[in-house]
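Residues in the sequence shown are numbered from 875 upward in steps of one, following our numbering. Glycine residues also receive a C-beta, built at the ideal position from the N, C-alpha and C atoms. Below: the structure, in C-alpha cells.
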Amino acid sequence: MSHPESGTRVVVLLGSLRAASLNRRIAETLRDQAPAGTTVEIADGLGDLPFYNEEIDVETAAPEAAQRLREQVAGADRVLAVTPEYNGTMPAVLNNAIDWLSRPYGANALRGKPFAALGATPTQYGGKWSHDDARRSATVAGAHVVADIAISESTIDRGDVLEDPEFVARLLGALDLLVAHRVESASAA
Ligand SMILES: Cc1cc2nc3c(=O)[nH]c(=O)nc-3n(C[C@H](O)[C@H](O)[C@H](O)COP(=O)(O)O)c2cc1C
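Here it is in C-alpha cells:
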C-alpha cells in the first residue's frame, strides 16, 4: 500500500552487522539522499533477533526485536534489502530476518510489499547470488519483487564506490523504481 499524500516509507533490511560496512553506507546514502516524499529507514537491529524458532514465535509473546521489526515493516510501503554475500548466499542475519517477517503465515508483514535487493561486495559478481536468494525468499514470503532492480556491484579496483557519482545515481534510480512500483500493475501484467 502506498500513501503518496503522506510520502512513501521504505524500510531497509541491512545484511551486514559491521559498523564499517559498505552496504550500511549504501543504505545511509539512500536514506540521506532520498528524494522529497520518500523516507528511508534502516532496520539495523537485525543482529538482535534470536534465530527463528516456531516455539518462541507465539502470538502476543514473540521476542521484542521480532515484534519491533514486524511492526516497522508492516508500517512501511516498500522493503529494500541492502546486503553483501556470504558463502554464495545472503548473510544469515538477513535470512533470519526474512524468516521472522514471513510469519504469521498468510498475514505476515512482507505480504504484498514491493521488495528489492541490492548491494556491493569486493568480489567479481558483487553478491549477485545473495541478492537473487533474498528476492526468492521474499517472493516465497509473499512480497512483490521489483525485477528491474538488480544492482550487484563489484568493488574490485574501484576505490570507494560511493565517491562515484554514476554509482550513486544508479542507487537513487533503483530507489525511484521501487517507490514508483505499483503492485496492481505488476499483477495485471
Ligand atoms: C563469511 C564470509 C563469507 C563471504 N562470502 C562471500 C561471497 O560468497 N561472495 C562475495 O561476493 N563476498 C563474500 N564475502 C566478502 C564480503 O562480501 C565482504 O566482506 C563485504 O565487504 C561485506 O560487506 P559489508 O562491507 O557491507 O560488511 C564474504 C565475507 C565473509 C566474512
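- By the neighbour-count definition (other C-beta atoms within 10 Å, threshold 16), Pro-988 is a buried residue.
- In terms of side-chain proximity, the C-beta atom of Asn-961 is found nearer than 6 Å to a non-hydrogen atom of ligand 1.
- Of the candidates Val-884, Ala-1021, Asn-897 and Glu-945, the residue whose Cα lies closest to the Cα of Gly-1000 is Asn-897.
- Between ligand 1 and the CB of Arg-892, the shortest heavy atom gap is smaller than 6 Å.
- Not one heavy atom of ligand 1 falls within 6 Å of the beta-carbon of Asn-970.
- In terms of side-chain proximity, the C-beta atom of Ser-895 is found nearer than 6 Å to a non-hydrogen atom of ligand 1.
- DSSP lists Glu-915 and Val-953 as the bridge partner or partners of Val-885.
- DSSP lists Ser-1026 as the beta-bridge partner residues of Gly-993.
- With contact defined as three or more Cβ pairs closer than 8 Å, the region 933–941 and the region 885–894 are not in contact.
- Between the region 916–927 and the region 1043–1058 there are fewer than three inter-stretch CB-CB distances shorter than 8 Å, so the stretches are not counted as touching.
- For the options Ala-894, Thr-882, Ser-890 and Gly-881, the alpha carbon positioned closest to that of Asp-1034 is the one of Ala-894.
- Collapsing the DSSP output to three states places Thr-963 in a strand.
- Short note on Thr-995: C-beta closer than 6 Å to some heavy atom of ligand 1.
- Looking at Leu-1046, Arg-944, Thr-882 and Tyr-960, the one whose alpha-carbon comes closest to that of Pro-996 is Tyr-960.
- Residue range 1039–1054 is occupied by the alpha helix (DSSP H) that includes Val-1053.
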